[in-house]
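In what follows, a structure is listed as structure tokens, so that the remarks can point back to it.
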Amino acid sequence: MSNKPDLALALELLKNPKYPRTAKYDPEWLVGLDMGCPTFWLLERLCEAMELRPGMRVLDLGCGKAGGSIFLAKEYGLQVWAADLWISPNENWQRIRDAGLEAHVFPIRAEANKLPFAEQFFDAVIAVNSLFFFGTDDVYLRHHLVNIVKPGGQFGIVVPGFYNEFQGDLPATVPDHLKVYWESCMLYTWHSAEWWRRHWLKTNQVEVELADNFPDNEGYQTYLDWERIIRYKEKLAEDDAGRNITFVRLVARRRT
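Just so we're aligned, residue 4 is where the sequence shown starts under the working numbering, counting upward by one.
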């Protein structure tokens, strides 16, 4: 939960030259798309590591309010299927129409375990701030996701996570400043880049091309900046002070 966003701070931070594509968009519009993360910043960093070409068919899995789908279509010329379970396709369709992208972005309500797409339909799947909600069990990727991407196609994800896994018996080894968040179950499915790398390799169907944290503590700073802009009640990043929290980025390719 949050209070009213700090639009003055948004105007300052969302024009960050480190994110030149994001800086082109209206900060107030970006803030209005909030569902827990700075989607556009995360997409910029993810897409730097992917091979995206105009006209590619891409699934934006867990798209929320479809802001990222609009961004992908505008910035990279992609055809994007904007899939979400919680947000109405009608609501997202209105945003897509307002952006003039009716021929490029296609909203759909979809359950992640029952994706209504043909095998090998997509050139790529992108999932920002979503896969940790439903994709951490041992069978999800192999049985529900990998098969809808063409051989040679890519998967790109960004999720909140930790620099390193907590060792030993949980929750005893969770740092004291994070225990309140752990007890709320908020952090149960947060993991390190290495954990995600192994998780994808277990499918035996992909090669992991990249699994890292945002460099120079950028993941933590991104989380903190967005927390300050939206004025979340929970001060997770502020409490962590850069010790554990980051954003994890992973790019994998389906084997041919």
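Note that CB positions come from ideal geometry on N, CA and C, so glycine has one too.
query, result
"For Trp-185 and Cys-66, what's the separation of their Cα atoms in angstroms?", "25 Å"
"Kindly confirm or deny that the region 157–177 and the region 127–145 touch, where touching means at least three C-beta pairs closer than 8 Å.", "yes"
"Which one or two residues does DSSP pair with Asn-216 in a beta bridge?", "Val-251"
"Going residue by residue through the region 125–208, where are the continuous beta strand (DSSP E) segments of at least 3 residues, counting only ones entirely within it?", "125–131 and 152–165"
"Between which two residues does the beta strand (DSSP E) carrying Arg-234 extend?", "Where Arg-234 is concerned, there is no enclosing beta strand (DSSP E), given that its DSSP letter is neither H nor E."
"Relative to the C-alpha of Leu-55, which residue among Ile-160, Gly-80 and Ala-240 is closest?", "Gly-80"
"Is it buried or exposed, Tyr-28, if we count other Cβ atoms within 10 angstroms and call 16 or more buried?", "buried"
"Note down, in chain order, each residue of its chain lying with its Cβ closer than 7 Å to the Cβ of Gln-170, except the 5 sequence neighbours on either side.", "Thr-176"
"Might you give, ordered along the chain, the residues of its own chain that have their beta carbon closer than 6 Å to the beta carbon of Asn-116, omitting 5 neighbours on each side?", "His-147"
"What residues match up with Pro-57 in a beta bridge as DSSP calls it?", "Paired residues: none, contrary to the question."
"Between the C-alpha atoms of Asp-141 and His-202, what's the straight-line distance to the nearest angstrom?", "7 Å"
"Might you give, ordered along the chain, the residues of its own chain that have their beta carbon closer than 6 Å to the beta carbon of Pro-30, omitting 5 neighbours on each side?", "Ala-13, Leu-14 and Leu-17"
"What does a CB cutoff of less than 7 Å around Trp-229 pick up in its chain, not counting 5 residues either side in sequence?", "Cys-40 and Pro-41"
"Compare the beta carbon distance of Leu-309 and Glu-114 with 8 Å and say whether it is the shorter of the two.", "Limits of the chain in this structure are 4 at one end and 259 at the other, which puts residue 309 out of reach."
"Once the 5 residues before and after Glu-275 are set aside, which same chain residues still bring their CB inside 7 Å of it?", "A question about residue 275 goes unanswered here, because the residues of the chain that appear run from 4 up to 259."
"For a quick check, are the C-beta atoms of Ala-130 and Ile-160 less than 8 Å apart?", "yes"
"DSSP beta-bridge partners for Phe-43?", "Phe-43 is not bridged to any residue."
"Who are Ile-99's beta bridge partners in DSSP?", "Note: Ile-99 sits in no beta bridge, so no partner."
"What does the alpha-carbon distance come out to for the pair Glu-168 and Val-209?", "23 Å"
"Tell me which residue opens and which closes the beta strand (DSSP E) that Val-109 is part of.", "Here the sequence assigns Phe to residue 109, which means Val is not the residue at that position. Phe-109 -> beta strand (DSSP E) spans 108–112."
"Among Gly-222, Val-254 and Ile-232, which one has its Cα closest to the Cα of Arg-246?", "Gly-222"
"Report the rounded CA-to-CA distance for Ile-151 versus Arg-258, giving the unit in angstroms.", "13 Å"
"Between which residues of its own chain and Arg-200 is the CB-CB distance below 8 Å, once the five residues before and five after are set aside?", "Val-211, Ala-214 and Leu-253"
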